[in-house]
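Report on the following structure.
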Amino acid sequence: MRFLPAALSALALTAFAATPADATPASTIHTVSVHGTFGAYRPGATASTYQPALVPPGSSAHVFSISSGTLGTSTALAVSGLVPGHHYGAHVHTKPCGATGDAAGPHYQFAQDPVTPSVDPAYANPRNEIWLDFTADATGTGFARSRVGWQFGERRAGSVVIHESHTHTDPGHAGTAGARLACVTAAF
Numbered sequence: 497m498r499f500l501p502a503a504l505s506a507l508a509l510t511a512f513a514a515t516p517a518d519a520t521p522a523s524t525i526h527t528v529s530v531h532g533t534f535g536a537y538r539p540g541a542t543a544s545t546y547q548p549a550l551v552p553p554g555s556s557a558h559v560f561s562i563s564s565g566t567l568g569t570s571t572a573l574a575v576s577g578l579v580p581g582h583h584y585g586a587h588v589h590t591k592p593c594g595a596t597g598d599a600a601g602p603h604y605q606f607a608q609d610p611v612t613p614s615v616d617p618a619y620a621n622p623r624n625e626i627w628l629d630f631t632a633d634a635t636g637t638g639f640a641r642s643r644v645g646w647q648f649g650e651r652r653a654g655s656v657v658i659h660e661s662h663t664h665t666d667p668g669h670a671g672t673a674g675a676r677l678a679c680v681t682a683a684f
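Here the sequence shown is numbered in the working numbering, starting from 497 and rising by one per residue.
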């Protein structure tokens with residue numbers, strides 16, 4: 497059994513505690529829990545690194561998400577073995593990981609921007625997307641969480657992509673966070 501960090505366990509307990517005892521099928525709880533160790537891309541791999549200098553092979557990530565109609569969606573990302581002190585961006589993307597970072601598609605947006613790539617803060621923001629920016633501590637460990645007031649519908653997301661820098665919020669750059677360094681496939 498893989499170790500689930502205490503912070504991820506706390507996220508799950510908080511979300512479950514908020515669930516009404518008489519939850520209806522419309523508020524069915526959906527969970528995702530994925531652990532991956534980063535390495536070079538290969539078909540079927542859970543975690544891939546595209547820039548080993550910033551996401552070294554052997555480093556790891558855990559993605560946990562829980563959602564329901566009454567709770568919205570809470571997502572957590574825990575990483576270890578990254579570059580100490582580096583400021584990373586991370587977002588939920590539309591497709592699974594592939595041979596390059598671009599294979600994961602754009603950020604998942606609840607309300608989709610008709611313009612691609614989306615850099616309009618009306619769409620590219622942490623209420624309409626799931627942003628998981630973090631700074632690796634002195635040991636290369638990082639943690640981020642997001643809570644949005646919606647859940648995935650028929651359109652699902654397929655991965656969490658780790659980016660080169662924290663996410664920008666200014667018009668014309670909103671949602672951008674530099675190069676795609678690594679990816680974790682997670683079927684939201």
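Positions of the beta carbon are idealized from the N, C-alpha and C atoms, including for glycine.
What is the DSSP secondary structure of residue i, reduced to helix, strand or coil?
i      : result
His664 : coil
Ala674 : As written in the sequence, residue 674 is Gly, which differs from the Ala given in the question. DSSP places Gly674 in coil when its eight states are reduced to three.
Ala519 : At Ala519, the pLDDT of 46 sits below 50, so the modelled position is not reliable; the number obtained from the coordinates is stated separately. Here Ala519 sits in coil by DSSP.
Gly495 : Nothing in the structure corresponds to residue 495, since the chain is present only between 497 and 684.
Ala599 : helix
Phe648 : coil
Ser614 : coil
So is residue i buried or exposed if we call it buried at 16+ other beta carbons inside 10 Å?
i      : result
Ser561 : buried
Ala675 : exposed
Gly581 : exposed
Gly532 : buried
Asp666 : exposed
Asp518 : Any answer about Asp518 is weak, because its pLDDT of 47 lies below 50 and its placement is not dependable; what the coordinates show is given next. Exposed, by the Cβ-count rule.
Gly540 : exposed
Thr520 : With a pLDDT of 45 at Thr520, under the threshold of 50, the modelled position of that residue is not reliable, and no figure is offered here.
Considering just the uninterrupted stretch of the beta strand (DSSP E) at residue i, what are its terminal residues?
i      : result
Gly532 : His526 to Thr533
Ala586 : His583 to His589
Val644 : Gly638 to Val644
His659 : Ser655 to His659
Ser555 : Counting along the chain, Ser555 falls outside any beta strand (DSSP E), and DSSP gives it neither H nor E.
Considering Cα atoms alone, identify which of the options is closest to residue i.
i      : options                   : result
Ala682 : Ser564, Tyr619 and Leu573 : Leu573
Ala543 : Ala549, Leu550 and Gly535 : Gly535
Ser614 : Gly668, Thr545 and Thr527 : Gly668
So residue i and residue j are in contact, right, with Cβ under 8 Å, and what is the actual spacing, rounded?
i      : j      : result
Thr571 : Leu628 : 7 Å
Phe684 : Phe648 : 5 Å
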